[in-house]
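There are 2 protein chains.
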Amino acid sequence: MAHFTVIGLGRFGIAASLELIHLGHTVTGVDRDSKVIEKYVEDLTQAIICDSTDENALRELDFAQSEAVLVAIGEDMQSSLLCTLALKNLGVGQIWVKATTKAHHTILSKLGVQRIIHPEEEIGVRVAQALNYPMVNNYLPLGHGLYVVEIHIKQTRHDNSLGQILGELKASIKTLLLKRDEQLFTELASDFLLKKQDILLLCGTRSELKYLAPRLA
Amino acid sequence: MAHFTVIGLGRFGIAASLELIHLGHTVTGVDRDSKVIEKYVEDLTQAIICDSTDENALRELDFAQSEAVLVAIGEDMQSSLLCTLALKNLGVGQIWVKATTKAHHTILSKLGVQRIIHPEEEIGVRVAQALNYPMVNNYLPLGHGLYVVEIHIKQTRHDNSLGQILGELKASIKTLLLKRDEQLFTELASDFLLKKQDILLLCGTRSELKYLAPRLA
Ligand SMILES: Nc1ncnc2c1ncn2[C@@H]1O[C@H](COP(=O)(O)OP(=O)(O)OP(=O)(O)O)[C@@H](O)[C@H]1O
Ligand SMILES: Nc1ncnc2c1ncn2[C@@H]1O[C@H](COP(=O)(O)OP(=O)(O)OP(=O)(O)O)[C@@H](O)[C@H]1O
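Protein sequence lines correspond, in order, to chains A and B.
Under our numbering, the first sequence has 253 at position 208, and the numbering climbs by one with no breaks.
Under our numbering, the second sequence has 156 at position 111, and the numbering climbs by one with no breaks.
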């Protein structure tokens, strides 16, 4: 269990705060807007009204207790940068910041923070991938053009064998795992019969996955 | 190769548009702001200035050509809903919409769209997970408390064997894959030596991953 501070309780900041609490940590939420603090005071470990661009006001918070500080101030780049600068001056070691533009990102990297986050861009890319491969529920890009993909078997492929689905790729694509309800299967044979709602994990290149797409539809 | 229409070219909408083009598709971008259209006219297949709440204006666009329409209008919930309604009236079958609030989400599901996206919340949850498990680079939640995690081996674990790292979990946790540069290894033995920058994919429960965390630090 660790303690975190989240500055700026917009949708991104509060989603991160509530998930951290759900994961068993404690969170101090900071926002300059008292209405926002009132809204979340019951859900957070601690909720503080504070203008986080004011280094003296921030000094009151005990950052030494926090494993990391998340700056989730959105639209106001100036506030986000002033807050980040104040945290650096106070010696905070682990600062993650939400950036709104490329310029914002560049300035933050010059200030030296540990992670810069672009929620809209990251989800934009994921949505494009989901539109591109509708049969892929989720995926991990591994680099060098390799992807681990999570496929949910549809009714149309119920009782197809793994060999049937993989076709020419049987030898090259890696079948990592199959989850059926709570059961896990590894080292699947070519005649293994797939059932609808099975979750199949494969690892392959983009072109291999393209070949598979119609075979899973 | 397919055609998509993206309405609203904010950060989310344009990120999705550019990724779709990068993936080999064509995209018609629509925005009511001529400055935005001017900015992206070179990057998109087609860029149209249009107030998408106006069904008559939308009718001019040939949606039959689009595999899906993404409504990426952000802050203005009214415009997002009116645009979605107009698309439904025009018979568009595959509508994905970015939602800003729970209320927005509820109204969209009543209208009946194929996917509702909450970028800030989704990334907020991911960031919390990343803060919680700093050694996990990326992950896939599989349901029933099972996760596939992508771990990047650090310098500190260079030449540790897989058996050493997994400890008591050797028998229960599933080792799916190891990627070393462009090479993939499956069915790893207990004495397999890990190298820094190896990418290791494991599947286990949250408590198993918690046990592993300090062993990978
Ligand atoms: N100087 C500041 N100190 C503390 N809180 C601040 C400061 N400036 C802005 N905030 C708070 O940050 C929160 C998020 O900012 P804002 O709403 O501008 O971002 P956003 O990008 O719309 O958020 P999201 O997209 O995450 O919903 C707001 O609740 C706001 O009150
Ligand atoms: N009725 C409309 N028709 C067409 N485009 C619209 C309409 N209303 C808003 N837009 C456009 O949608 C785009 C995105 O909207 P907005 O900037 O409000 O969202 P945002 O949430 O800030 O975006 P993001 O977070 O994705 O950057 C803007 O470029 C805006 O001009």
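Glycine included, every Cβ here is placed at the ideal spot set by N, Cα and C.
This one's a predicted model, so the numbers in the text were calculated from it and none came from an experiment.
- Neighbourhood of I119(B) by C-beta, 6 Å cutoff - its chain only, sequence neighbours within 5 removed: The residue you asked about is not Ile; residue 119(B) is Gly in the sequence shown. Cβ neighbours of G119(B) within its own chain (closer than 6 Å, five residues either side excluded): G55.
- Item | Where G188(B) sits in the DSSP three-state scheme | Note: G188(B) maps to strand in three-state DSSP.
- Message: Which same chain residues end up closer than 8 Å to L187(A) when comparing Cβ atoms and leaving out the 5 residues on each side of it in sequence?
- Response: Beyond the five residues adjoining it in sequence on each side, L187(A) comes within less than 8 Å, by CB distance, of V193 and C248 in the same chain, given in chain order.
- Item | E112(B) versus Q139(B): straight-line alpha-carbon distance, rounded | Spanning the two alpha carbons is a distance of roughly 7 Å.
- Would you verify that the beta carbon of L191(B) is, or is not, closer than 8 Å to some beta carbon of chain A? Chain A, which has a Cβ nearer than 8 Å to the Cβ of L191(B), makes this yes.
- Along chain A, which residues have their Cβ under 8 Å away from the Cβ of E253(B)? The premise fails here: E253(B) is roughly 12 Å from chain A at the closest Cβ pair, so nothing lies under 8 Å.
- In chain B, which residues lie with their C-beta within 9 Å of the C-beta of F57(A)? Here the neighbours are P164, E165, E166, I168, G169 and V172.
- Query: If you draw a straight line from the alpha carbon of G136(A) to that of E165(A), how long is it in whole angstroms?
  - Reply: Their Cα atoms are separated by approximately 29 Å.
- Check: F49(B) C-beta below 7 Å from any heavy atom of ligand 2: Not so, every heavy atom of ligand 2 lies at least 7 Å from the Cβ.
- Looking only at its own chain, which residues have a Cβ that is under 7 Å from the Cβ of Q110(B), when we skip the five neighbours before and after it? H48, listed in sequence order.
- Task: Given a cut-off of 8 Å, decide if N182(A) and E195(A) are closer than it, judged by their beta-carbon atoms.
- Result: Result yes, Cβ atoms of E195(A) and N182(A) sit closer than 8 Å.
- Query: Using a Cβ-Cβ distance under 8 Å, would L115(B) count as near chain A?
  - Reply: Judged by the 8 Å Cβ criterion, L115(B) is in contact with chain A.
- Message: According to DSSP, R225(B) sits in a beta bridge with which residue or residues?
- Response: Paired residues: Q228(B).
- Task: Compare the C-beta of C128(B) against all C-beta atoms of chain A and say whether one is closer than 8 Å.
- Result: For C128(B), the answer is no, since every Cβ of chain A falls outside 8 Å of its Cβ.
- Query: What is the rounded straight-line gap between the Cα of L257(A) and the Cα of D243(A)?
  - Reply: Taking the straight line joining both Cα atoms gives about 16 Å.
- Query: A175(A): which of S125(B), L65(B) and M122(B) sits nearest, CA to CA?
  - Reply: Of the candidates S125(B), L65(B) and M122(B), L65(B) places its Cα closest to the Cα of A175(A).
- Message: What are the residues in the stretch 213-231 of chain B lying within 8 Å of chain A by C-beta distance?
- Response: The stretch 213-231 of chain B vs chain A, Cβ under 8 Å: K219, L221, L222, K224, D226, E227, L229 and T231.
- Query: Out of T90(A), K255(A) and D96(A), which has the shortest C-alpha to C-alpha gap to D78(A)?
  - Reply: Comparing Cα-Cα distances from D78(A) to each of T90(A), K255(A) and D96(A), the minimum goes to D96(A).
- On the DSSP bridge assignment, give the partners of H263(B) in chain order. Residue 263(B) lies beyond the range of chain B shown here (46 to 262); nothing can be said about it.
- Message: Does chain A have any CB closer than 8 Å to the CB of H203(B)?
- Response: H203(B) does not count as touching chain A.
- Task: Kindly indicate which three-state DSSP category R160(A) falls into: helix, strand or coil?
- Result: In the displayed model, R160(A) falls within a strand according to three-state DSSP.
- L185(A) CB to nearest chain B CB: under 8 Å? Answer yes: the Cβ-Cβ gap between L185(A) and chain B drops below 8 Å somewhere.
- Would a C-beta distance cut-off of 8 Å place L222(A) and L229(A) closer than the cut-off? Yes; because the gap between Cβ atoms is below 8 Å, this pair is in contact.
- Going by DSSP, what residues sit across from T250(A) in a beta bridge? DSSP links T250(A) through a beta bridge to L191(A).
- Item | Pick from R251(B), Q200(B) and D204(B) that is closest to S235(B), judged by C-alpha positions | When C-alpha distances from S235(B) are compared across R251(B), Q200(B) and D204(B), the shortest belongs to D204(B).
- Item | Test: E87(A) CB closer than 8 Å to a CB of chain B | Judged by the 8 Å Cβ criterion, E87(A) is not in contact with chain B.
- Query: By a C-beta neighbour count over all protein chains shown, 10 Å radius and 16 as the cutoff for buried, is H67(A) buried or exposed?
  - Reply: With fewer than 16 other Cβ atoms inside 10 Å of its own Cβ, H67(A) counts as exposed.
- Item | Cutoff 7 Å; reference E253(A); Cβ partners in own chain excluding five residues on either side | Taking C-beta separations shorter than 7 Å and ignoring five residues to either side along the sequence, the partners of E253(A) in its chain run L214, S217 and I218, following chain order.
- Query: In whole angstroms, what separates the C-alpha of R160(A) from that of T129(A)?
  - Reply: Going from the Cα of R160(A) to the Cα of T129(A) covers about 12 Å.
- Query: Can a CB atom of chain D be found closer than 8 Å to the CB of A61(A)?
  - Reply: You won't find chain D in this structure, because its protein chains are A and B.
- Query: Which whole runs of the beta strand (DSSP E) in the stretch 66-134 of chain B are 3 residues long or more, in chain order?
  - Reply: Runs of the beta strand (DSSP E) inside the stretch 66-134 of chain B: 71-76, 91-94 and 113-116.
- Message: Just to confirm before moving on: does the CB-CB distance between G190(B) and R251(B) stay below 8 Å?
- Response: Yes.
- Query: Can you name the residues of chain A whose CB is closer than 9 Å to the CB of H70(B)?
  - Reply: When 9 Å is used as the limit between beta carbons, H70(B) is near these residues of chain A: A173, L176 and N177, in chain order.
- To which residues of the same chain is K224(B) closer than 6 Å at the C-beta, ignoring the five residues directly before and after it? Correct list, in chain order: I244.
- Query: So what's H203(B) in DSSP terms, helix, strand or just coil?
  - Reply: Assigned with DSSP and collapsed to three states, H203(B) falls in coil, not helix or strand.
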